[in-house]
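Heads up, this note's numbering is the position in the sequence shown plus 7, with the first residue counted as 1.
Positions of the beta carbon are idealized from the N, C-alpha and C atoms, including for glycine.
As the structure is a prediction and not an experimental result, all values here were calculated from the model.
Everything below concerns the one structure shown next.
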Amino acid sequence: MATKKTIAVVGATGAQGGGLVRAILNDPQGGFSVRAITRDVNSDKAKKLAQSGAEVVAANVDDLSSLEKAFHEAHGAFCVTFFWEHFSPEKELAEAMNMAQAAKHAAVQHVIWSTLEDTRKWVPLNDDRMPTLQGKYKVPHFDAKGEADKLFTGLGLPVTLLLTSFYWDNFIYFGMGPKKGPDGKLVLTLPMADRKLPGIAAEDIGRCAYGVFKRGHELVGKTVGIAGEHLTGAQMAADFSKALGKDVVYNAVPYGVYRSFGFPGADDLGNMFQFKCDFNEYFCGARNPETALALNPALESFEQWLTQNKSRIPLGD
Ligand SMILES: NC(=O)c1ccc[n+]([C@@H]2O[C@H](COP(=O)([O-])OP(=O)(O)OC[C@H]3O[C@@H](n4cnc5c(N)ncnc54)[C@H](OP(=O)(O)O)[C@@H]3O)[C@@H](O)[C@H]2O)c1
Numbered sequence: 008m009a010t011k012k013t014i015a016v017v018g019a020t021g022a023q024g025g026g027l028v029r030a031i032l033n034d035p036q037g038g039f040s041v042r043a044i045t046r047d048v049n050s051d052k053a054k055k056l057a058q059s060g061a062e063v064v065a066a067n068v069d070d071l072s073s074l075e076k077a078f079h080e081a082h083g084a085f086c087v088t089f090f091w092e093h094f095s096p097e098k099e100l101a102e103a104m105n106m107a108q109a110a111k112h113a114a115v116q117h118v119i120w121s122t123l124e125d126t127r128k129w130v131p132l133n134d135d136r137m138p139t140l141q142g143k144y145k146v147p148h149f150d151a152k153g154e155a156d157k158l159f160t161g162l163g164l165p166v167t168l169l170l171t172s173f174y175w176d177n178f179i180y181f182g183m184g185p186k187k188g189p190d191g192k193l194v195l196t197l198p199m200a201d202r203k204l205p206g207i208a209a210e211d212i213g214r215c216a217y218g219v220f221k222r223g224h225e226l227v228g229k230t231v232g233i234a235g236e237h238l239t240g241a242q243m244a245a246d247f248s249k250a251l252g253k254d255v256v257y258n259a260v261p262y263g264v265y266r267s268f269g270f271p272g273a274d275d276l277g278n279m280f281q282f283k284c285d286f287n288e289y290f291c292g293a294r295n296p297e298t299a300l301a302l303n304p305a306l307e308s309f310e311q312w313l314t315q316n317k318s319r320i321p322l323g324d
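Put into structure tokens, the structure is as follows:
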């Protein structure tokens with residue numbers, strides 16, 4: 008039997024990386040094996056991955072030599088950063104550089120960099136439609152990822168840039184789901200005006216990444232944008248109403264109001280939603296559900312995702 012190609016996966020115990028690990032393990036005839044990277048090989052999540060058949064190794068994206076070991080003799084590497092753990096674009100840039108250097112050192116044959124746009128290419132810092140944040144960013148959790156694209160391409164790595172979309176899982180974990188208003192009615196508050204929001208089940212990002220590794224050479228040097236569906240706030244509220252069996256209304260709050268909500272990162276997210284609205288045609292066009300479906304035949308619609316996950320969405324009952 009031919010030797011399997013090993014994919015080293017950063018963030019393997021998390022959403023994107025976890026989806027990729029499971030996609031590889033669920034396809035034993037696919038020709039790939041998986042090396043799950045975690046900071047703690049003894050955590051419950053890491054042990055579960057090992058029990059499922061993954062090779063589990065320790066590394067930290069802040070530590071280049073640990074990454075070099077973790078990428079050693081791997082065919083592919085899935086690279087992602089964790090903005091919401093530290094809120095620092097500079098840290099993301101340093102971590103992306105570490106991953107790019109480790110991939111170069113290991114002569115990895117296919118790298119996926121999970122990225123987003125550097126919004127400053129569309130909204131320069133002197134454009135005052137939205138505030139500049141942290142001194143030199145418009146959407147900090149996007150901008151550094153986009154800026155880091157050139158760290159991967161600049162080293163001449165065989166990289167596919169994977170443009171991801173809003174996780175529907177944010178309705179479970181990020182406090183973005185429908186909430187009861189003063190009149191007891193459920194309200195979905197999003198500053199998306201009447202524009203479409205490309206969204207995806209987080210698990211599908213990993214499954215699409217697996218599709219990218221399977222396609223291999225053909226997607227090296229390409230940017231691949233993925234989404235499950237593009238939906239307006241009103242369409243999502245209608246899907247929520249159907250799934251929950253209760254009326255959910257869409258509240259298209261203005262971006263400025265959203266920025267002032269005061270939770271950590273509200274300003275960053277307010278700017279992000281404004282970027283998605285102001286450049287909606289570009290933003291949706293860059294994330295084609297057909298592309299995602301071709302990479303991942305199991306791609307879920309929002310309705311399918313809701314059917315699976317509706318009981319996990321905190322509604323503040
Ligand atoms: N939420 C969205 O809608 C959305 C959409 C597009 C893109 N994103 C981006 O997705 C990224 C996060 O990816 P995710 O959601 O897959 O993450 P996640 O689910 O939060 O998982 C992060 C995992 O990464 C590991 N990790 C954290 N810090 C690490 C470090 N220093 N070194 C090595 N591993 C580390 C942790 O595993 P261990 O504890 O096992 O080490 C953790 O399980 C963010 O940068 C965010 O901007 C989010």
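Considering only Gly161, Lys203, Thr239, Lys253, the residue with the shortest C-alpha distance to Gly191 is Lys253.
Leu204 sits close to Leu238, with the two beta carbons spaced by under 9 Å. The beta carbon of Gln141 sits closer than 6 Å to those of Pro147, all from its chain and outside the five residues before and after it, given in chain order.
Just measuring C-alpha positions, the residue of His93, Ser172, Lys54, Ser72 sitting nearest Gly272 is His93. At least one heavy atom of ligand 1 falls within 8 Å of the beta-carbon of Val17. For Gly263, same chain residues with a beta-carbon under 8 Å away, outside a window of 5 residues either side, are Gly277 in chain order. When secondary structure is reduced to three states using DSSP, Phe39 falls in the strand class.
Placement of the Cβ of Asp47 at a distance of less than 8 Å from at least one heavy atom of ligand 1 is found. Phe247 and Leu197 do not touch by the CB rule: their CB atoms are close to 11 Å apart, not below 8 Å. Per DSSP, the unbroken alpha helix (DSSP H) holding Ser72 starts and ends at 71-78. Between the C-alpha atoms of Val130 and Tyr144 there is a straight-line separation of about 10 Å. Leu164 has its alpha-carbon roughly 9 Å from the corresponding atom of Leu158.
In the DSSP assignment, Ser248 falls within the unbroken alpha helix (DSSP H) covering 240-251. With respect to the C-alpha of Lys128, the residue from Ala114, Thr45, Asp150 having the closest C-alpha is Asp150. The beta carbon of Arg214 sits closer than 7 Å to those of Gly26, Ala30, Asn303, Ala305, all from its chain and outside the five residues before and after it, given in chain order. In the three-state reduction of the DSSP assignment, Val17 falls in the coil class, being assigned neither a helical nor a strand state. For the 9 Å CB-CB criterion, Glu210 and Phe309 do not form a contact.
For Tyr289, the enclosing alpha helix (DSSP H) has its first and last residue at 287-292. Distance between Ser40 and Val260, taken at the CA atoms: about 46 Å. In this structure, Phe181 has its beta carbon less than 8 Å from a heavy atom of ligand 1. The residue among Cys284, Cys291, Asp156, Phe178 with its C-alpha nearest the C-alpha of Pro321 is Phe178. In this structure, Leu71 and Gln108 form a Cβ contact; the two beta carbons are roughly 6 Å apart against a cut-off of 8 Å. The three-state secondary structure of Ile233, taken from DSSP, is coil.
Residue environment analysis places Lys187 among the exposed positions, since fewer than 16 neighbouring C-beta atoms fall within 10 angstroms of its C-beta.
In this structure, Ala216 sits near Phe85, with a CB-CB distance shorter than 9 Å. The C-alpha of Gln315 lies about 26 Å from the C-alpha of Phe280. With contacts defined as CB atoms closer than 9 Å, Asn133 and Arg202 fail to qualify as a contacting pair. When rounded, the separation of the alpha-carbon atoms in Glu97 and Gly38 is 37 Å. With respect to Arg42, Ala15 sits close: the two C-beta atoms are nearer than 9 Å.
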